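A.B. asks:
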Amino acid sequence: MTATIIDGKAVSNQILEELKAEVDLLREKGQQPGLAVILVGDDPASQVYVRNKERACKKLGIFSSKYCLPDTTPEEELIQLIQKLNRDPNIHGILLQLPLPQAIDEKKVLDYISPNKDVDGFHPYNLGRLLAGDPIFLPCTPQGVQELLVRYQIPIEGQNVVIVGRSNIVGKPLAMMLVQKAKAANATVSLCHTRTKNLKEFTSRADILIVACGKARMVTADLVRPGAAVIDVGINRIDGKLVGDVDFEQVSQISSFITPVPGGVGPMTIAMLMKNTIKAAKRFWEGEATSFSF
Ligand code: NDP
Numbered sequence: 006m007t008a009t010i011i012d013g014k015a016v017s018n019q020i021l022e023e024l025k026a027e028v029d030l031l032r033e034k035g036q037q038p039g040l041a042v043i044l045v046g047d048d049p050a051s052q053v054y055v056r057n058k059e060r061a062c063k064k065l066g067i068f069s070s071k072y073c074l075p076d077t078t079p080e081e082e083l084i085q086l087i088q089k090l091n092r093d094p095n096i097h098g099i100l101l102q103l104p105l106p107q108a109i110d111e112k113k114v115l116d117y118i119s120p121n122k123d124v125d126g127f128h129p130y131n132l133g134r135l136l137a138g139d140p141i142f143l144p145c146t147p148q149g150v151q152e153l154l155v156r157y158q159i160p161i162e163g164q165n166v167v168i169v170g171r172s173n174i175v176g177k178p179l180a181m182m183l184v185q186k187a188k189a190a191n192a193t194v195s196l197c198h199t200r201t202k203n204l205k206e207f208t209s210r211a212d213i214l215i216v217a218c219g220k221a222r223m224v225t226a227d228l229v230r231p232g233a234a235v236i237d238v239g240i241n242r243i244d245g246k247l248v249g250d251v252d253f254e255q256v257s258q259i260s261s262f263i264t265p266v267p268g269g270v271g272p273m274t275i276a277m278l279m280k281n282t283i284k285a286a287k288r289f290w291e292g293e294a295t296s297f298s299f
C-alpha cells in the first residue's frame with residue numbers, strides 16, 4: 006500500500022480563502038480583526054514563524070502589529086505590554102511566540118494574556134474549557150490536526166488514536182479534543198511519552214497515529230500498523246533540511262494516509278491561528294467576550 010499524502014498546504018490555503026471571505030464581510034461593516042504578535046529574542050525559527058503569521062494576516066486583511074523585544078527584556082516589561090494589549094480595542098488576539106528566553110517564566114507570563122484574546126488557547130481558563138467539553142479557543146496545532154482528519158474524511162469516532170508526545174501545546178490538548186463526546190472526536194485515545202513501556206505495543210494498535218515527540222524520523226515502519234493514518238507534527242532541522250518525527254520514506258509505504266514535513270501540519274497551525282483571531286474579534290463585537298479580573 007502506498008499512502009495518500011495529506012496536502013496540508015492545499016487544505017490550509019482553502020481554509021484561508023474561506024476565512025478571507027469572512028473578513029471581507031466584516032470589513033464591509035467597518036470591523037477589522039486585529040492580532041498582536043510578540044517576539045522576544047532573536048531565535049531564527051521563531052522569526053520565520055512570526056513572519057509567516059504576519060503574511061497570513063496580510064493575505065486575509067487582518068490588522069497585525071508586531072512587537073520585537075530584545076532577549077534581555079525584563080519579565081515585568083513583557084507583562085506590561087500584554088496588559089496594554091489586553092485593553093486595546095483594536096487587538097482581538099495576542100500571540101506570544103514561544104519559546105521565551107530562559108530568564109522569563111513562560112507559564113507566568115502566558116497567564117497574563119486575557120482568555121478572551123488567547124488565540125493560542127494556552128491559558129489555563131481555555132484549557133479548562135476544553136477539558137470540560139465546552140471550548141472557546143482550541144490550541145492551533147491540535148486543531149489543525151483534527152481539521153486535516155476531518156477534511157480527508159478519516160473516521161475518528163470509535164477509532165484507536167495513539168499520540169506520541171504529551172506536551173501542553175500538542176499532545177495533551179489533542180488527546181482531550183479527540184476523546185470528547187463530540188463531532189470529529191469520540192475516539193479511544195492513548196497518550197504515550199518517554200516513560201511508556203513498550204511504545205510499539207501502543208503504536209501498532211493505532212488506527213490513527215499522531216506523532217509529536219520532537220525526535221527526527223523516530224517512528225519507523227515497524228512501529229506502525231499497516232493501513233493506519235499517520236499524522237506527523239514534528240519539525241526537525243537536519244543538515245538544513247526539515248524532517249518530521251516519522252520516517253516518511255518507510256511509513257508512506259504501509260500507511261493509508263500520511264502528512265509530509267514540510268507541507269503537512271505546519272501550514273494548518275497558521276490557518277487555525279487566523280480562525281481563532283476572527284473568532285476572538287467576533288466574540289468581542291457580539292459582546293461575548295466577558296471581562297476577566299486576571
Ligand atoms: P516537547 O519537546 O514539548 O514534547 C515532546 C514529547 O514527546 C514529550 O511528551 C516527550 O515525553 C515525548 N517524547 C520524546 N521522545 C520520546 C520517545 N522516544 N518516545 C516517546 N515519547 C517521547 O515537544 P512539542 O510537543 O512542543 O513538539 C513536538 C514536535 O512537534 C516538535 O518537533 C516540534 O517542533 C513540533 N511542533 C510542530 C508544530 C507545527 O506547527 N507543525 C507546532 C508545535 C510543535 P516526556 O513528556 O516524557 O518528556
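In the working numbering, the protein residues as written are 6 to 299.
From the three backbone atoms N, C-alpha and C, an ideal C-beta is built for every residue, glycine too.
Computed from a predicted structure; not experimentally measured.
1. In the structure shown, what three-state DSSP assignment does N241 receive?
2. Would you say S172 touches ligand 1, meaning its beta carbon is less than 7 Å from a heavy atom?
3. Using only CA atoms, which one of F262, V194, E291 lies nearest to I11?
4. If you measure from the CB of A61, is any heavy atom of ligand 1 nearer than 7 Å?
5. To which residues of the same chain is L247 closer than 8 Å at the C-beta, ignoring the five residues directly before and after it?
6. Can you give me the Cβ contacts of G59 inside the same chain, cut-off strictly under 8 Å, excluding the 5 residues immediately before and after it?
7. Which word fits M279, buried or exposed, when buried means at least 16 other C-beta atoms lie within 10 angstroms of its C-beta?
8. Assuming contact is defined by CB atoms lying nearer than 8 Å, are V238 and D252 in contact in what I supplied?
9. Could you compute how far the alpha carbon of L214 sits from the alpha carbon of T199?
10. Smallest Cα separation from Q107: which of V256, T78, S119, L154?
11. Can you tell me whether N281 is buried or exposed, with buried defined as 16 or more other CB within 10 angstroms of its CB?
12. Give every residue of the same chain whose Cβ lies closer than 6 Å to the Cβ of E33, excluding the five residues on either side of it in the sequence, and list them in chain order.
13. Quick one: using the 10 Å Cβ neighbour count with 16 as the cut-off for buried, is A26 buried or exposed?
14. Using a threshold of 7 Å, is the CB atom of M181 nearer than that to any non-hydrogen atom of ligand 1?
C.D. replies: This is what the structure gives:
1. When DSSP states are grouped into helix, strand and coil, N241 belongs to the strand group.
2. For S172, the Cβ falls inside the 7 Å cut-off from some heavy atom of ligand 1.
3. The candidate whose alpha carbon is nearest that of I11 is F262.
4. Not under cutoff, so the answer is no.
5. Same-chain partners within the cutoff: I240, N241, V266, P267.
6. Reading the sequence as shown, one finds Glu at residue 59 and not Gly. Around E59, the same chain offers V42, S69, K71 as residues with beta carbons nearer than 8 Å, after the five sequence neighbours per side are excluded.
7. By the neighbour-count rule (16 or more Cβ atoms within 10 Å), M279 is buried.
8. Inclusion of V238 and D252 in the CB contact set at 8 Å is not warranted, their separation being larger than that value.
9. L214 and T199: Cα-Cα distance of roughly 16 Å.
10. Q107 has its Cα closest to that of T78, out of V256, T78, S119, L154.
11. Burial call: buried.
12. Taken in chain order, the list of residues that qualify is empty.
13. When all chains shown are included, A26 counts as exposed.
14. Checking the 7 Å criterion, the Cβ of M181 is out of range of every heavy atom belonging to ligand 1.
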